[in-house]
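So the structure is just underneath, and the comments pick up after that.
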Amino acid sequence: MHVPDGFLDATTSLATGAVAVVGVSLALRGARRELDDRTAPVAGLVATFVFAGQMMNFPVGAGTSGHLLGGALAAVLAGPWTAVLCLSVVLLVQALFMADGGITALGTNITLMGLVAVGVAWLVFCGLRMVLPKRVSMVPAAAAVAALVSVPSAAAVFTLLFVVGGTAPIDTGTLLTAMLGWHVVIGLGEAAITGLVVGSVVAVRPDLVHGARPLLEERTLVIRPAVPR
Amino acid sequence: MSAPRSRSLLLVGLLVALLVAGFGSYYASNHPDGLIYVAEQTGFDDQQDQSAAGDGPFAGYSTRGVDDERLGGGLAGVAGVLVVLTLSGGLFWVLRRRGPADDAGV
């Protein structure tokens, strides 16, 4: 999903750059509410894990591959504002040190993977949390569905950007169909990885999972007779 | 069984990230990702410009001067993990809400 230099024209790249700057500025404010002594180290690890996960391209058939974007994973584990910052740090390091994703396309990549994927994932996750049973066990499943939706959403926004400012005349319908088709399949991989990782953390320390916290607070305290040791 | 302390969980997570980036990534698919594949199929992949960072020591997830693909890729992965951990960990530590730690598990 990393957009290289040259796919989008300068005007569009400047516009997505401005969107990314506004998004990251808002996230720098919002993340303060999500981070404390206990969650800040976890959030740092989430960013690191997203970087590592993005290196593991998995085959999706017919000579193409996909990799974790990590928007849903980071949003559910660390909170949506912190997730925007996680993805932004990962994309910055990738663009500067790994030449993965263009430098003039950094704003585009932050917009697509940092803002769109994280934002869509968090909205879907919160929507599911409202309608599903109020149990911590729904968190990995809701995270997986959020992950599945987030990938084609980012692909659709790329298509939109390419229609506005692409550097080659490509038929919109053809591009949209191809982008959505492949990224739904990649989204299935995203859902599997996200469900597995969120499920593992929820199993051992649900209190460290941002998306699970409202459910933990709603758990009623039950007084049980003491168990003799 | 009591819940694992935050520190053990963080160490396990970091170990998994290092293993994936330093070792597992060698086995990752080399096929182009969805976007580049679609660009090839629909015919705009030649619009791609070489990144200005293309001459960096870890460009393309390899290590300059290391010919062995497994070692070079692994070193680049480990270096990336450490840079991301330092930058994000530092940023989040600066941004965090200050106050007495309310968790005995740390």
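Residue numbers (our numbering), protein chains in the order written: chain A, 696 to 924; chain B, 16 to 121. All residues carry an ideal CB built from backbone N, CA and C; glycine is no exception. Please read these numbers as outputs of a predicted model, since none were measured by experiment.
DSSP state of residue i mapped onto helix, strand, coil
i, result
"B:L33", "helix"
"B:D61", "helix"
"B:S21", "helix"
"B:F73", "coil"
"B:W108", "helix"
"A:A851", "helix"
"A:A887", "helix"
"A:D866", "coil"
"B:D78", "The residue you asked about is not Asp; residue 78 of chain B is Thr in the sequence shown. B:T78: coil per DSSP, three-state reduction."
"A:H697", "coil"
"A:R908", "helix"
"A:I918", "coil"
"A:G774", "coil"
"A:V831", "coil"
"A:D902", "helix"
"B:S66", "coil"
"B:A43", "coil"
"B:G120", "Any answer about B:G120 is weak, because its pLDDT of 41 lies below 50 and its placement is not dependable; what the coordinates show is given next. It is coil, neither helix nor strand."
"B:R113", "coil"
Bridge-paired residues (DSSP) for residue i
i, result
"A:L703", "A:G861"
"B:D48", "A:S760"
Could I get the ranges of all uninterrupted beta strand (DSSP E) runs contained in the stretch 720-769 of chain A, with 3 residues as the minimum, in chain order? DSSP runs (the beta strand (DSSP E)) wholly in the stretch 720-769 of chain A: 753-756 and 759-761.
Margin query: Taking beta-carbon pairs under 8 Å, can you tell me which members of the stretch 715-731 of chain A lie near chain B?
Written below: Residues L723, A726, R727, R728, L730 and D731.
* To do: Identify each residue in the stretch 806-830 of chain A for which the Cβ-Cβ distance to at least one residue of chain B is less than 9 Å, and report them in chain order.
  => The stretch 806-830 of chain A vs chain B, Cβ under 9 Å: nothing.
inquiry  = Quick check for students: name the residue ranges of the alpha helix (DSSP H) that lie wholly in the stretch 779-826 of chain A, counting only runs of 4 or more.
reply    = Segments of the alpha helix (DSSP H) lying fully in the stretch 779-826 of chain A: 801-804 and 812-826.
Q) Is the number of C-beta pairs between the stretch 842-852 of chain A and the stretch 885-898 of chain A that are closer than 8 Å three or more? A) The answer is yes - the stretch 885-898 of chain A touches the stretch 842-852 of chain A, with three or more Cβ pairs under 8 Å.
Practice prompt. For the stretch 777-795 of chain A and the stretch 821-832 of chain A, state whether three or more C-beta atom pairs, one from each stretch, are separated by less than 8 Å.
Written response: In short, these stretches do not touch, since the Cβ pair count stays below three.
So, do the stretch 803-811 of chain A and the stretch 707-721 of chain A have three or more beta carbon pairs nearer to each other than 8 Å?
Touching, yes.
Return the residues of the stretch 863-892 of chain A that lie within a Cβ-Cβ distance of less than 7 Å from chain B, sorted by chain order. Those would be A863, I865, T869, L870, A873, M874, W877, H878 and I881, in chain order.
> Below 8 Å, can you find three or more Cβ-Cβ pairs linking the stretch 869-879 of chain A to the stretch 46-57 of chain B?
Replying inline: In short, these stretches touch, since the Cβ pair count reaches three.
Compile a chain-ordered list of the residues in the stretch 85-108 of chain B whose CB is closer than 9 Å to at least one CB of chain A.
-> Of all residues in the stretch 85-108 of chain B, G88, A91, G92, A94, G95, V96, L97, V98, V99, L100, T101, L102, S103, G104, G105, L106, F107 and W108 have a Cβ within less than 9 Å of some Cβ in chain A.
*Decide if the stretch 717-731 of chain A is in contact with the stretch 72-87 of chain B; the criterion is three or more beta carbon pairs, one per stretch, under 8 Å apart.*
Verdict: no, contact absent.
Count the CB pairs spanning the stretch 36-47 of chain B and the stretch 747-763 of chain A that are closer than 8 Å, and state whether there are at least three. Verdict: yes, contact present.
Should the stretch 66-78 of chain B be regarded as contacting the stretch 23-31 of chain B, the criterion being three or more beta carbon pairs within less than 8 Å? The stretch 66-78 of chain B is not in contact with the stretch 23-31 of chain B.
query = Contact between the stretch 897-904 of chain A and the stretch 89-109 of chain B: three or more CB pairs below 8 Å?
reply = Short answer: they don't touch.
Three Cβ pairs or more, each shorter than 8 Å: is that satisfied between the stretch 787-800 of chain A and the stretch 758-768 of chain A? Segment contact: the stretch 787-800 of chain A against the stretch 758-768 of chain A, fewer than three CB-CB distances shorter than 8 Å; contact not assigned.
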